[in-house]
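Quick note: the sequence shown, position 181, residue 181 per full-length UniProt numbering, numbers continuous.
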Amino acid sequence: MGKLNVVVLRYLSREDFRVLTAVEMGMKNHEIVPVSLISSIASLRHGGCNKVLRELVKHKLTAYERTKTVQGYRLNYGGYDYLALKTLSSRDVVASVGNQMGVGKESDIYIVANNEGEQFALKLHRLGRTSFRNLKNKRDYHKHRHRMSWLYLSRLSAMKEYAYMKALYDRGFPVPKPVDYNRHAVVMELLAGYPLCQIRDVKDPSGLYSEAMDLIVKLANHGLIHGDFNEFNLMLDDSDHLTMIDFPQMVSTSHPNAEWYFDRDVKCIRDFFIKRFSYESELYPTFKDIRRACSLDIEIAASGYTKDMQKDDQLLHPEGPEASEGQSDEEELDEGLTEEFHPHPEEHVDLEEYRKNMLELEGEVRPAESGEDALPPDGPSEAQQREARTEGDVLKPVCGKNIFIAVI
Numbered sequence: 001m002g003k004l005n006v007v008v009l010r011y012l013s014r015e016d017f018r019v020l021t022a023v024e025m026g027m028k029n030h031e032i033v034p035v036s037l038i039s040s041i042a043s044l045r046h047g048g049c050n051k052v053l054r055e056l057v058k059h060k061l062t063a064y065e066r067t068k069t070v071q072g073y074r075l076n077y078g079g080y081d082y083l084a085l086k087t088l089s090s091r092d093v094v095a096s097v098g099n100q101m102g103v104g105k106e107s108d109i110y111i112v113a114n115n116e117g118e119q120f121a122l123k124l125h126r127l128g129r130t131s132f133r134n135l136k137n138k139r140d141y142h143k144h145r146h147r148m149s150w151l152y153l154s155r156l157s158a159m160k161e162y163a164y165m166k167a168l169y170d171r172g173f174p175v176p177k178p179v180d181y182n183r184h185a186v187v188m189e190l191l192a193g194y195p196l197c198q199i200r201d202v203k204d205p206s207g208l209y210s211e212a213m214d215l216i217v218k219l220a221n222h223g224l225i226h227g228d229f230n231e232f233n234l235m236l237d238d239s240d241h242l243t244m245i246d247f248p249q250m251v252s253t254s255h256p257n258a259e260w261y262f263d264r265d266v267k268c269i270r271d272f273f274i275k276r277f278s279y280e281s282e283l284y285p286t287f288k289d290i291r292r293a294c295s296l297d298i299e300i301a302a303s304g305y306t307k308d309m310q311k312d313d314q315l316l317h318p319e320g321p322e323a324s325e326g327q328s329d330e331e332e333l334d335e336g337l338t339e340e341f342h343p344h345p346e347e348h349v350d351l352e353e354y355r356k357n358m359l360e361l362e363g364e365v366r367p368a369e370s371g372e373d374a375l376p377p378d379g380p381s382e383a384q385q386r387e388a389r390t391e392g393d394v395l396k397p398v399c400g401k402n403i404f405i406a407v408i
């Protein structure tokens, strides 16, 4: 899960993306995808497929693994990043990638721009960096499921965040404007402001406190609980108004632990204002005060999730009151998804979905001609760099701190 490096992306050939997509499809049913299956899905000869796979491993887009029973390849976050970015590029959503804005527990955020130079925030979900504790509490639920991987849950997290962000934005909530998403990547409006956790002083802590509590209540009245409503997920603009971010852990007010989640969100805000601004109010909302006016939670759940995704969504819920304490992150990660995920060669791969994914990718992928698009061992050659500059596909640096380091 290293830092995103998109330099290689521009030099990958059509065959490279066919193989990356084939590995992605194979991982739906296999932890380690054998070369025979990859070459079959990608419709490439075995020898040519091996050559492409070696290059992808060299650029850390896939990883080779071997066990006592099987040997093959798996997609890592580098390859998943490239598939998402290439698809967003083919949709003319992202044309260049800039510097990193921030790093969260389960995500990385970058500045990106489109062909017109309009800037956005790109959030790459990276579940597995630190484990969700509730995953180990869901053992009985997913022990017979074989599609669980960190990549899949990252994709589910991005889909959920985009769905909630769009629904909330359309209803006038203070959230970033959603632009698009693909796989584990979400593109959204670039906000002007700072995380509340970085703010040391405000003119009116009482007004800001009331605004935060009103947001918690407004969400609940719409059938939703943020689940992680704290100073790290609130942005403060120059007018001292709040904007909510980070929605993958949202739960419904009909959840069995809804009151506990609600009270925890309220407590996080109260504790922060006491500690940071020395402000304490005797007035704060309780779950009994909620007057549900609509069912936004039901509307979102029915908007695009499959039945499996709705069930898997439980794995993204925040840690509940029943979670045990005292277990290390390493133990949690070991007890998470890996031991539940086994290869099942008999399960078929959806070739129609593979073709659909390739059609999206091939919108901007240049066909390989005599290997000219392949990346040399030491990076792009001087001739390729001159050609790229001549074609004018390098975005000029933006004035200020948002310097764009590579184009797609």
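Just so you know, even glycine gets a beta-carbon here, dropped at the ideal spot from N, CA and C.
Identify whether residue i lies in helix, strand or coil by the three-state DSSP scheme.
| i | result |
| --- | --- |
| GLU280 | coil |
| GLN100 | strand |
| ASP180 | strand |
| GLY193 | coil |
| GLY26 | helix |
| ILE111 | strand |
| residue 416 | Since the first and last residues shown for the chain are 1 and 408, residue 416 lies out of range. |
| LEU44 | coil |
| THR67 | coil |
| GLY79 | helix |
| LYS123 | strand |
| MET358 | helix |
| TYR169 | helix |
| MET235 | strand |
| SER252 | strand |
| ILE300 | helix |
| ARG292 | coil |
Within the same chain, show all residues whose beta-carbon is closer than 7 Å to that of residue i, passing over the 5 residues directly before and after it, in chain order.
| i | result |
| --- | --- |
| PRO321 | ASN257 and TRP260 |
| ALA42 | ARG18, VAL19, ALA22 and CYS49 |
| LYS275 | none |
| PRO205 | PHE273, PHE277 and TYR279 |
| VAL33 | VAL23, GLY26, MET27, GLY72, TYR73 and ARG74 |
| LEU219 | ILE225 and HIS226 |
| CYS294 | HIS222 and GLY223 |
Quick check on the burial criterion: 16 or more other C-beta atoms within 10 angstroms. Buried or exposed for residue i?
| i | result |
| --- | --- |
| THR286 | exposed |
| TYR162 | buried |
| ARG171 | exposed |
| ARG126 | buried |
| HIS30 | buried |
| ILE298 | exposed |
| ASP108 | buried |
| TYR194 | exposed |
| GLY379 | Only weak support is given to the placement of GLY379: the predicted model assigns it a pLDDT of 43, under 50, and the value that follows is read from those uncertain coordinates. Result: exposed. |
| VAL266 | buried |
| HIS46 | exposed |
| THR87 | buried |
| VAL251 | buried |
| SER254 | exposed |
| GLU55 | buried |
| ARG264 | buried |
| ARG200 | exposed |
Between residue i and the rest of its own chain, which residues show a CB-CB distance below 6 Å, the 5 nearest in sequence each way excluded?
| i | result |
| --- | --- |
| GLU231 | LEU196, CYS197 and PHE272 |
| GLU118 | none |
| ILE269 | ALA212 |
| SER210 | none |
| LEU234 | LEU196 and LEU242 |
| GLY102 | ILE109 |
| GLN100 | TYR110 |
| ASN357 | THR21 |
| residue 494 | No answer is possible for residue 494: it lies beyond the span of the chain, which begins at 1 and ends at 408. |
Which residue's Cα is closest to the Cα of residue i: the options?
| i | options | result |
| --- | --- | --- |
| LEU53 | VAL175, LEU191, ARG91 and SER36 | SER36 |
| ARG155 | GLY26, HIS184, GLY72 and PRO248 | HIS184 |
| LYS123 | GLY98, TYR11 and ASN115 | GLY98 |
| HIS59 | GLY79, TYR284 and LEU219 | GLY79 |
| GLU15 | VAL7, TYR77 and LEU44 | LEU44 |
| ASP246 | ALA121, ASP240 and TYR152 | ALA121 |
| ASN76 | ALA95, ALA84 and ALA63 | ALA63 |
| VAL93 | LYS105, ILE111, MET101 and THR67 | ILE111 |
| ALA167 | LEU351, LEU296, VAL8 and LEU61 | LEU296 |
| VAL7 | GLU65, LYS68, ARG66 and LEU85 | LEU85 |
| ALA113 | GLY102, SER89 and VAL103 | SER89 |
| LEU190 | ILE199, VAL202 and LYS177 | LYS177 |
| SER281 | ASP263, GLY207 and ALA301 | GLY207 |
| LEU4 | ARG66, TYR11 and TYR82 | TYR82 |
| VAL187 | ALA95, ARG200 and LEU219 | ALA95 |
| ARG91 | ARG355, LYS51, ASN115 and TYR354 | ASN115 |
| residue 419 | ILE300, ALA301 and PHE262 | Given a span of 1 to 408 for the chain in the structure shown, any question on residue 419 remains unanswerable. |
Tell me which same chain residues have a C-beta within less than 8 Å of the C-beta of residue i, skipping the five on either side of it?
| i | result |
| --- | --- |
| ALA192 | ASP237 and ASP238 |
| PRO174 | LEU215, HIS241, LEU242, THR243 and MET244 |
| ARG291 | ASN221 |
| VAL202 | LEU208, LEU236, ASP240 and PHE277 |
For chain B, is any of its Cβ atoms less than 8 Å away from the one on residue i?
| i | result |
| --- | --- |
| ILE274 | Judged by its chain identifiers, the structure shown contains no chain B, having just a single protein chain. |
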